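Down below is the structure, laid out as structure tokens.
There are 2 protein chains.
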Amino acid sequence: SAMSEDTLEQYRQRFRSELDRVVDFWLKYSLDKQHGGYFTCIGKDGKVYDELKYVWLQGRQVWMYCRLYRTMERFRRPEILEAAKAGGAFLQRFARVPSSGNPGKCAFCLTRDGRAVKVQRTIFSECFYIMAMDELARVTGDQDMQSDAEKMMDQLVHWVRVDPSGLGRPQMPGDPPVNSMAVPMMLLCLVNQLSEGRPATAQKYSEVGDWSVQQILQHVQRDGTAILENVSPEGKELPGCQGRLQNPGHALEAGWFLLQYAQERSDNQLQRTAVDKFMEVPFLSGWDKEHGGLFYFLDVDGHCPTQLEWNMKLWWPHCEALIAYLMAYTHSKEPALLGRFSQVYDYTFSHFSDLEHGEWFGYLSQEGSVVLDFKGGPFKGFFHVPRCLYMCERLLDSLLEKRQD
Amino acid sequence: SAMSEDTLEQYRQRFRSELDRVVDFWLKYSLDKQHGGYFTCIGKDGKVYDELKYVWLQGRQVWMYCRLYRTMERFRRPEILEAAKAGGAFLQRFARVPSSGNPGKCAFCLTRDGRAVKVQRTIFSECFYIMAMDELARVTGDQDMQSDAEKMMDQLVHWVRVDPSGLGRPQMPGDPPVNSMAVPMMLLCLVNQLSEGRPATAQKYSEVGDWSVQQILQHVQRDGTAILENVSPEGKELPGCQGRLQNPGHALEAGWFLLQYAQERSDNQLQRTAVDKFMEVPFLSGWDKEHGGLFYFLDVDGHCPTQLEWNMKLWWPHCEALIAYLMAYTHSKEPALLGRFSQVYDYTFSHFSDLEHGEWFGYLSQEGSVVLDFKGGPFKGFFHVPRCLYMCERLLDSLLEKRQD
Chain B
126 SAMSEDTLEQ YRQRFRSELD RVVDFWLKYS LDKQHGGYFT CIGKDGKVYD ELKYVWLQGR
186 QVWMYCRLYR TMERFRRPEI LEAAKAGGAF LQRFARVPSS GNPGKCAFCL TRDGRAVKVQ
246 RTIFSECFYI MAMDELARVT GDQDMQSDAE KMMDQLVHWV RVDPSGLGRP QMPGDPPVNS
306 MAVPMMLLCL VNQLSEGRPA TAQKYSEVGD WSVQQILQHV QRDGTAILEN VSPEGKELPG
366 CQGRLQNPGH ALEAGWFLLQ YAQERSDNQL QRTAVDKFME VPFLSGWDKE HGGLFYFLDV
426 DGHCPTQLEW NMKLWWPHCE ALIAYLMAYT HSKEPALLGR FSQVYDYTFS HFSDLEHGEW
486 FGYLSQEGSV VLDFKGGPFK GFFHVPRCLY MCERLLDSLL EKRQD
Chain Z
126 SAMSEDTLEQ YRQRFRSELD RVVDFWLKYS LDKQHGGYFT CIGKDGKVYD ELKYVWLQGR
186 QVWMYCRLYR TMERFRRPEI LEAAKAGGAF LQRFARVPSS GNPGKCAFCL TRDGRAVKVQ
246 RTIFSECFYI MAMDELARVT GDQDMQSDAE KMMDQLVHWV RVDPSGLGRP QMPGDPPVNS
306 MAVPMMLLCL VNQLSEGRPA TAQKYSEVGD WSVQQILQHV QRDGTAILEN VSPEGKELPG
366 CQGRLQNPGH ALEAGWFLLQ YAQERSDNQL QRTAVDKFME VPFLSGWDKE HGGLFYFLDV
426 DGHCPTQLEW NMKLWWPHCE ALIAYLMAYT HSKEPALLGR FSQVYDYTFS HFSDLEHGEW
486 FGYLSQEGSV VLDFKGGPFK GFFHVPRCLY MCERLLDSLL EKRQD
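Protein chains in written order, with this note's numbering: chain B, 126 to 530; chain Z, 126 to 530.
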């Protein structure tokens, strides 16, 4: 049975009003007027409980403000642009760690006034730096900033594909290279980011994009019945817990990255794989039939994962699932996909959204009660929630527009 | 009202039979007859689910076997000595990481056949290496092994008190040195270990012991109403989540370390502090009045901790609490301390012990259900459970002996 237009319209209204509330929450509580950048450790009622500034979250917040400003009429407001610029300036001034001996290396965490606290030997701080700078450059027209982003991208591709030694992680004889899903996902995301509306740049990175897609597809294992988080660089299963790890939210996020990429290239086979493998498989393995919601981690052979939080319900896998199923439905109009979307929607809005103080809780028990009640923390900022709300609102706009045609 | 001798005798019987079961479990399932060392990732029914060998756990298991062999008649069995020697040989052959550029640095994790997988930039692998080698040397009489342990200890004291650069952790401008409770606790534990029955060695390390005690005492904060996990090297409170963190199980473990140290020196004031601060304060803040059991982490100002597992009930804080309260009661005979012991005992034995397959579960939800059902994992091995059972059995022996006098 087809879902009524009324229902879709109700969804749209809810996404729209939630997005407004979330944007208000972060504008109100997170801006550090004294030192620049954003506070991201924000309690349930908006109170800052720690002043550390996590670089992933700084970069993501800049990106999100700019994307909203650039693409949605009602967010084209000076205060949003100012907030984005303040975050960008903070990052440009403080994110890099000169003492690391590598000009591109960014810190993971900074003090309120921008001194490096911790540097990770991975590429992710740099990824979110690139996203921030590229999107901010699109809004401001700052060419230097855009070439700063592209230079960092080239450094990153070098670390991933040519020589990781600049990251500072010693090569251990018992720890051979791994194809960890996060890495090609981030590269694919950055290729999309840098390429939009720039044919020459798209051309430059098209091979990196295709390579990233191939690397992501290597995670489809066991005759297509499992998406595994870590595989060998040759696409073989790895031994032990690392090799058996499943992260359903991550697979779903990869699913909509792939679907978007496939749609732009009219690649029907990749579209099919994105939906059948990266959206259907993680739901079948990852949805908690007893209490609802998506598990955080699972072991493909049914062993207990060693991550203490494996059975918790986190906000971001649900955000990614909403985007994935709505995007897939918008494209194919298969009712089953809208059914999945509705199921995730019902769980998500009844469990994560805080009607009292605004924004969403991030961390629930398996049974669905709030275990960590802050709105922002070391890994939760102004990103997954607003990106989900933004993308779903736009997808619903396009769905409802087409129906009216 | 005094607890009856019958009750104490029932406790002793339970500790004794649990210790036998736990020793049997690990002898049966954890020995790697092919490559040496121990499997430590062991499922609820004894099945090995990952072959990685965590150095902390290898070292602790060697220590525990030797301590049982050396001090308890019924464990002076050839198979226990052989198991200990096999673990010691594996560690001596593989634990050190020559490529780290530092002769003493040990890996955190090895492959089944001993290749380094991961090296932490902390001192803990080395601590458990020292414990293993020293206790094994006591059993075998191997002088070289004992001097190997002492050499590593001197290296460790140098890293902690003189120059940490050999650990390989770059100094970050926003991350000044911290007095983290684990470090002086481990040093104090090692001073005790190396000094037992060796007056010259005791003399050599007595200043390190006193310094460690002073460093631990710096964690008593807020006019004695809180034990904080991290303070500044000058003993001041640190800002943010790091500074407000409480780890009740760790405080209780420090409590019995201090009490033991104080008793040996007949230091009454330190005995009082150990009990009143390190045993009473974490119980008041850390015991879950709703569901029972000790929380893993708490924020002293009542903010939500950022650790996803903060509200879980872990086995080891309960092990440490049992030792702490029984040791304190044995010493002072204050009935309130035996009351605390009983309360922790009832929760612990009704929730953690697995009557079906033996050994204990390690990780419960706040409500007390088993969330991770393995018996061994990356941080749970043959250590906290048998050490607790062993120490409590001996404390009960001494209590019941005295009553009979």
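Glycine included, each C-beta is placed from N, C-alpha and C at the ideal position. Please read these numbers as outputs of a predicted model, since none were measured by experiment.
| Item | Value |
| --- | --- |
| Bounding residues of the alpha helix (DSSP H) (the contiguous stretch that carries A208(B)) | 203 to 219 |
| Pairwise C-alpha distance: M297(Z) and L525(Z) | 54 Å |
| Top-ranked residue by Cα proximity to L152(Z), from L182(Z), Y190(Z), D175(Z), E130(Z) | Y190(Z) |
| Among C231(B), E134(B), P442(B), nearest to G293(B) - alpha-carbon criterion | C231(B) |
| Buried/exposed call for V510(Z), threshold 16 Cβ in 10 Å | buried |
| Near-chain B residues of the region 423 to 448 of chain Z (beta-carbon distance less than 7 Å), N- to C-terminal order | H428, C429, T431, L433, E434, N436, M437 |
| Straight-line Cα distance separating A453(Z) from K169(Z) | 33 Å |
| Burial state of S155(B) (16 or more Cβ within 10 Å) | buried |
| Residue nearest to G464(B) in terms of C-alpha spacing, selected from E518(B), S337(B), F408(B) | F408(B) |
| Helix, strand or coil at K243(B) according to DSSP, with G and I counted as helix | strand |
| Interface residues of chain B facing G374(Z) [CB-CB closer than 8 Å] | The premise fails here: G374(Z) is roughly 14 Å from chain B at the closest Cβ pair, so nothing lies under 8 Å. |
| The region 165 to 179 of chain B touching the region 136 to 151 of chain Z, judged by at least three CB pairs closer than 8 Å | no |
| Chain B contact residues for A351(Z), given Cβ-Cβ distances below 9 Å | Correct list: empty, because the minimum Cβ distance to chain B is about 17 Å. |
| For Y174(B), three-class secondary structure by DSSP | strand |
| Within 9 Å of chain B by C-beta, residues of the region 169 to 195 of chain Z in sequence order | K169, K172, Y174, D175, E176, L177 |
| Option in P295(Z), M404(Z), S337(Z) with minimal Cα separation from Y386(Z) | S337(Z) |
| Neighbour flag for M310(Z) against chain B, beta carbons, 8 Å | no |
| Ranges of the alpha helix (DSSP H) found wholly within the region 382 to 470 of chain Z, counting only runs of at least 4 | 393 to 400, 406 to 411, 440 to 457 |
| Every unbroken alpha helix (DSSP H) within the region 229 to 293 of chain Z, with a cutoff of 4 residues, ordered by chain | 249 to 265, 268 to 286 |
| Whole-number beta carbon distance between G483(Z) and F150(Z), since they are thought to touch under 8 Å | 5 Å |
| Below-8 Å beta-carbon distance, V244(Z) vs any chain B residue | yes |
| Bounding residues of the alpha helix (DSSP H) (the contiguous stretch that carries L497(Z)) | Run containing L497(Z): none in the alpha helix (DSSP H); it sits in the beta strand (DSSP E), 495 to 497. |
| Interface flag, G493(Z) vs chain B, CB-CB below 8 Å | no |
| Chain B contact residues for Y472(Z), given Cβ-Cβ distances below 8 Å | Chain B residues near Y472(Z): none, gap ~19 Å exceeds 8 Å. |
| Same chain only: Cβ atoms within 8 Å of R185(B), ignoring 5 sequence neighbours per side | F253, M256, A257, G506, F507, F508 |
| Inter-residue spacing [alpha-carbon to alpha-carbon] between C429(B) and W435(B) | 8 Å |
| Sequence-distant residues of the same chain with beta carbon closer than 7 Å to D300(Z), five excluded per side | none |
| C-alpha distance - D479(B) paired with A376(B), whole-angstrom precision | 26 Å |
| Within chain B, partners of Y488(Z) - CB distance below 7 Å | L433 |
| Rounded Cβ spacing between D259(B) and Q318(B) (contact assumed at less than 8 Å) | 5 Å |
| L520(B) to T455(B) span [Cα, whole Å] | 7 Å |
| Range covered by the alpha helix (DSSP H) that runs through P535(Z) | Lying outside 126 to 530, the shown extent of chain Z, residue 535(Z) is not represented and no answer is given. |
| Residue(s) in a DSSP beta bridge with Q371(Z) | L423(Z) |
| Beta-carbon contacts of S126(B) that lie in its chain and below 6 Å, excluding the five residues immediately before and after | Bear in mind that the predicted position of S126(B) carries a pLDDT of just 42, short of 50, making it unreliable; the figure below should be weighed with that in mind. Excluding positions up to five away in sequence, the list is empty. |
| Cβ separation of F306(B) and E354(B), assumed to be a contact under 8 Å, to the nearest whole Å | Looking at the sequence provided, one finds Met at residue 306(B) rather than Phe. That belief holds up - the Cβ atoms of M306(B) and E354(B) are roughly 5 Å apart, short of 8 Å. |
| Spatially closest choice to G501(B) from V495(B), G487(B), C513(B), by CA coordinates | G487(B) |
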